[in-house]
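Have a look at the structure below before the remarks.
In our numbering, the protein residues as written are 4 to 274.
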C-alpha cells in the first residue's frame, strides 16, 4: 500500500507540502543504494503523478536528488552530507542489526560497533555470541585504541595529527605482553592496517581474546566507527574468512552512510 501523507486540516501551522516532500525522501531512504523510476516511486506514495513529478523536479533542482541517464532518480551526495554529523551516532545502531545477525550466523562470535570518543574507543552497539564461553563488550564500555582492533582500524584512517592527539591524551599503556607500547611501532602497524583494510588484535587488550575489525566511513570518507567480531583466541584462529566477512559488512554500512569511494577489490569483497 502506498504511504498516504497525514492530513491535518484543523492545524493552521501545518504545511502539508512538507510532509509530501519527506514522504518521497523516505522512499529513497529505504532504497538508498539504487535509482528508481517515476512509476516505481508512484507505487510507494499516495500522490498524484503531477504532484510527484513536481516534488522530484524540485528535489533535483535544489540538489537532493540526481536523475540518471535512464530517467531514474537517486539520492544525491547533498542528502548524505545533510546528516553526516548525526547519522553515525544515532542511526548507526539501527542500520547494523541485519549485519549483526549475518555475522553471528556465519561466525558465531560477538559483534560490536564502536566509535572514537574523547580519545577512547566507545562501544555503541553489541550482539553477544551464544557460546557459553564468549567475549562481548557492553554498550557504553570504553577501551584504549592502541590495544584494540577497532581502535587501530579507526586510527589507521585518521590524520597524523589526530593520532598524535589520541596518543598524547591517553598514552600507550601496556595491558598485556602483546600490547604495542611504542609509538613508532604503532604507526608502522597502522600502515599495515591501511594496506589490508582491516585490523587484528591477538591478546593485545585481554589475554586469550582475539578480534578482527574494519572501519566504517561516512560520506566525507572519514572513518567514523568500526565493526568488530571478537571471541576466545582458540576459536577465532579457525575463522579464516572472518576478515573478508567483516569488511563486506563495513562496506555495506559505509555505502548506507553515503560513502562512494568503492574500488574494484571492494566490490569483489561485497559480492
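Yeah, the Cβ is synthetic: ideal placement off N, Cα and C, and Gly gets one too.
Item	Value
Assigned exposure category for residue 262 - 16 Cβ within 10 Å defines buried	buried
Bridge partner(s) assigned by DSSP for residue 115	129 and 231
Residues that DSSP places opposite residue 213 in a beta bridge	205 and 234
Burial state of residue 176 (16 or more Cβ within 10 Å)	exposed
Among 103, 220 and 233, nearest to residue 259 - alpha-carbon criterion	220
Buried versus exposed call for residue 23 [16 or more other C-beta atoms within 10 Å across all chains shown]	buried
Residue environment, residue 246, which counts as buried when at least 16 other CB atoms sit within 10 Å	buried
Minimum Cβ-Cβ distance from residue 18 to chain C less than 8 Å	Checking the listed chains, one finds no chain C in this structure; it contains a single protein chain.
C-beta atoms of residue 146 and residue 154 nearer than 8 Å	yes
Closest residue to residue 255 among 42, 95 and 70 (Cα-Cα distance)	95
Sequence-distant residues of the same chain with beta carbon closer than 7 Å to residue 186, five excluded per side	170 and 175
Selection from 168, 40 and 126 that minimises the alpha carbon distance to residue 72	40
Beta-ladder partner(s) of residue 145, from DSSP	125
Distance between residue 224 and residue 205 (C-alpha atoms, nearest Å)	28 Å
Residue 27 Cβ short of 7 Å to the ligand MG heavy atom set	Only the bare structure without any ligand can be found here, which leaves the ligand MG out of the picture.
Residue 77 - DSSP class collapsed to helix/strand/coil	strand
Status (buried if at least 16 other CB within 10 Å, exposed otherwise) for residue 112	buried
Status (buried if at least 16 other CB within 10 Å, exposed otherwise) for residue 218	buried
Where the alpha helix (DSSP H) through residue 27 begins and ends	19-33
Beta strand (DSSP E) segment containing residue 68, residue limits	68-70
Alpha helix (DSSP H) segment containing residue 52, residue limits	52-64
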